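All remarks here apply to the structure that follows.
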Ligand SMILES: Cc1ncc(COP(=O)(O)O)c(C=O)c1O
């Protein structure tokens, strides 16, 4: 894409994505990282180790992926988990009972459920805030606030929060800024470089990219957090299996090409949807009249492949979900296939109605993860369905 994707020193991001942290396996010369499908590792003798002991703790395939994700996200430490939720749950181990976290109100419903229904029971408290409005963020901070957890762009309303200003605000209080960077991927946005302390990924999405595995990541550069996070990872055991780690390593090699195509298609589909008489409103940060378009341009290298939109008529929802044929009605995002989701009952089903509605998730909201098929075929699929709605 653009110049910013090129590091000042060393290879460009596109090159790092292809070659990863270790471009070939040094013993055999294997170009791809071997899948070390072993639960345990033999020790040469007492108090001697190859550096590997047991795969829950450390596995060579997973370690290569962890180094690669840290490298492409601009961090020092990467930790790989069995899913995005596994990563977020381990991250919470940085905090303790009594701590308060300010969280984007418009975020993945599974994160809401984990925080509110699970960690809420263990003495953590959370405030759900529209973090695209920095004044609301500031007003929600309390003496016991230890972190700000944001998704930007948000899920599913595509609001953009100011990473730099959020970092300044929470750092003044000695807290941490955590950014879920799933929607844009490290190819389009690197929150650590903008002042965030920790980055989360559902690696299930763009990083793996093929709707074929679950994965999750934490990336950071803070030595003082490294030990606690490693301990949480290996003690809780939600670590990524070697084959899944290999799938994500393979996915990352084509991240640059895929993201460019996702975005190109998303722009075309978003523009088409916007003109369609059965569509009330389209949410896409790549529109110049999106309220945070300038902010999005200032902190990301692109606007991504996710779109959400309100249909004009609630009755069209069921028709759309039943009749799409190329676009698949399924709950996920970021893979090569276009997927359509109904947040009300799927991704955001766990969120209480009042909060959902205040965030904008109503019964006419659709979320589209635009794949890398030909854009005209995606549009033709939607067009055919809208004809049936009449
Ligand atoms: C933005 C975001 N973060 C985190 C998650 C959780 O990731 P996983 O499904 O890999 O556990 C999701 C899942 O959809 C997501 O969309």
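Residue numbers (this note's numbering): 42 to 431.
We put the CB at the ideal spot given by N, CA and C, even for glycine.
Keep in mind it's a predicted model, so treat the numbers as computed, not measured.
- Taking all protein chains in view, the Cβ of residue 331 is crowded by 16 or more other Cβ atoms within 10 Å, so the residue is classified as buried.
- Contact check for residue 109 and residue 77: beta-carbon distance about 15 Å, past the 8 Å limit, so the pair fails to qualify.
- Look at the beta carbons and you see the region 362-369 not touching the region 217-237: under three pairs across the two are nearer than 8 Å.
- Here the alpha carbon of residue 54 sits roughly 18 Å from the alpha carbon of residue 338.
- Beta-bridge annotation (DSSP): residue 95 is paired with 81.
- The beta carbon of residue 123 lies closer than 8 Å to those of 255, 256, 257, 279, 280, 281, 282 and 285 in the same chain, with the five residues before and after it left out.
- When the alpha-carbon of residue 235 is set against those of 212, 250 and 243, the nearest one is in 212.
- Pairing residue 114 with residue 307, the inter-Cα distance amounts to about 23 Å.
- Not a single heavy atom of ligand 1 lies less than 6 Å from the C-beta of residue 91.
- Relative to residue 402, the option among 276, 375 and 322 whose CA is nearest is 322.
- Within the same chain, and ignoring the five residues on either side of residue 318 in sequence, the residues whose Cβ sits closer than 8 Å to its Cβ are 353.
- Secondary structure note for residue 167: its beta strand (DSSP E) is the uninterrupted segment 166-170.
- Taken atom to atom, the span from the alpha-carbon of residue 291 to that of residue 271 is near 24 Å.
- Residue 165 is a Cβ neighbour of residue 140, given a cutoff of 7 Å.
- Beta-bridge annotation (DSSP): residue 126 is not paired with any residue.
- Taking residue 336 as the centre and dropping the five residues before and after it, the same chain places the C-beta of 201 and 203 closer than 8 Å to its C-beta, in chain order.
- Residue 370 has its alpha-carbon roughly 39 Å from the corresponding atom of residue 269.
- In this chain, the alpha helix (DSSP H) harbouring residue 181 covers 175-181.
- Taking 6 Å as the cut-off, one finds no heavy atom of ligand 1 near enough to the beta carbon of residue 248.
- Counting only runs of 3+ residues, the beta strand (DSSP E) found wholly inside the region 212-298 occupies 217-221, 239-243 and 257-261, in chain order.
- With 16 or more other Cβ atoms from the protein chains shown falling within 10 Å of its own Cβ, residue 242 counts as buried.
- The alpha-carbon separation between residue 154 and residue 341 amounts to approximately 28 Å.
- For residue 425, the enclosing alpha helix (DSSP H) covers residues 416-430.
- Closest option to residue 230, judged by alpha-carbon separation, among 87, 294 and 194: 194.
- Relative to residue 378, the option among 59, 189, 413 and 417 whose CA is nearest is 413.
- Taking residue 343 as the centre and dropping the five residues before and after it, the same chain places the C-beta of 229 and 304 closer than 6 Å to its C-beta, in chain order.
- Per DSSP, reduced to three states, the secondary structure at residue 369 is strand.
- Here residue 360 really is in contact with residue 430; their C-beta atoms are around 5 Å apart, less than 8 Å.
- DSSP places residue 356 in no beta strand (DSSP E) but in the uninterrupted alpha helix (DSSP H) bounded by 356-364.
- Per DSSP, residue 337 is one residue of the alpha helix (DSSP H) stretching across 334-340.
- Residue range 320-324 is occupied by the beta strand (DSSP E) that includes residue 321.
- Distance check between residue 398 and each of 410, 384 and 409 places 384 closest, using alpha-carbon atoms only.
- Distance from the C-beta of residue 196 to the nearest heavy atom of ligand 1 is below 6 Å.
- Per DSSP, reduced to three states, the secondary structure at residue 206 is helical.
- One Cα belongs to residue 50, the other to residue 67, and the distance between them is close to 24 Å.
- Residue 132 is positioned such that its CB atom lies closer than 7 Å to that of residue 259.
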